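Colleague:
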Amino acid sequence: MGVERSIERDVKAMSIGLDMINSQIEMLSTNVKLRKAERKRLERLNAVKVQMVENPDECKKLVKRYKEMS
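In the numbering used here, the protein residues as written are 81 to 150.
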């Protein structure tokens, strides 16, 4: 993946849960004209969704460690 990602932002997105991620993706996808920030948010949510589906255990560990650090 050639895109630089912020682990902190990805973990924050993971912590909201898969249902909320899906609803935000759906909401952003229906909008035809997206600002740059919205496009980046949609890109991040899609990447996080893939990771949560493919590696659920690793995502849980990462969110847990992030919450302990905060």
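Note that beta-carbon positions come from the ideal geometry of N, C-alpha and C, so glycine has one too.
Please read all numbers here as calculations on a predicted model, not as lab measurements.
1) Which class does methionine 101 belong to by DSSP, given the choice of helix, strand or coil?
2) Got a sec? Which residues, its chain only, sit under 8 Å from glutamate 134 by beta carbon, not counting five neighbours each side?
3) Taking the alpha-carbon positions, what's the valine 91 to lysine 140 distance?
4) Where does lysine 113 sit, in a helix, a strand or coil, going by DSSP?
5) Could you name the residues of the same chain whose beta carbon sits closer than 6 Å to that of leucine 98, not counting the 5 residues immediately before and after it, in chain order?
6) For the alpha helix (DSSP H) that contains serine 95, what are its first and last residues?
7) Give me the Cα-Cα distance between arginine 145 and methionine 94, rounded to the nearest whole angstrom.
Modeller: In short, the structure shows the following:
1) Start at 1 with the first residue of the sequence shown, and residue 101 comes out as number 21. Checking the sequence, you will find isoleucine at residue 101 rather than methionine. In the three-state reduction of the DSSP assignment, isoleucine 101 falls in the helix class, which pools H, G and I.
2) Within the sequence shown, residue 134 is the residue found at index 54, counting from 1. Contacts found: none.
3) Residue numbering aside, residue 91 sits at position 11 when the sequence shown is read from its first letter. Residue numbering aside, residue 140 sits at position 60 when the sequence shown is read from its first letter. Whole-angstrom Cα-Cα distance: 9 Å.
4) Against the sequence shown, residue 113 aligns to sequence position 33. The answer is coil: DSSP assigns lysine 113 none of H, G, I, E or B.
5) The sequence position of residue 98 within the sequence shown is 18, counting from 1. Excluding the 5 residues flanking it on each side, leucine 98 has same chain C-beta neighbours closer than 6 Å at Met132, in chain order.
6) The sequence position of residue 95 within the sequence shown is 15, counting from 1. Judged by DSSP secondary structure, serine 95 falls within the alpha helix (DSSP H) whose first and last residues are 87-95.
7) Sequence index remark: in the sequence shown, residue 145 carries index 65 (1-based). Sequence index remark: in the sequence shown, residue 94 carries index 14 (1-based). Here the alpha carbons of methionine 94 and arginine 145 stand approximately 12 Å from one another.
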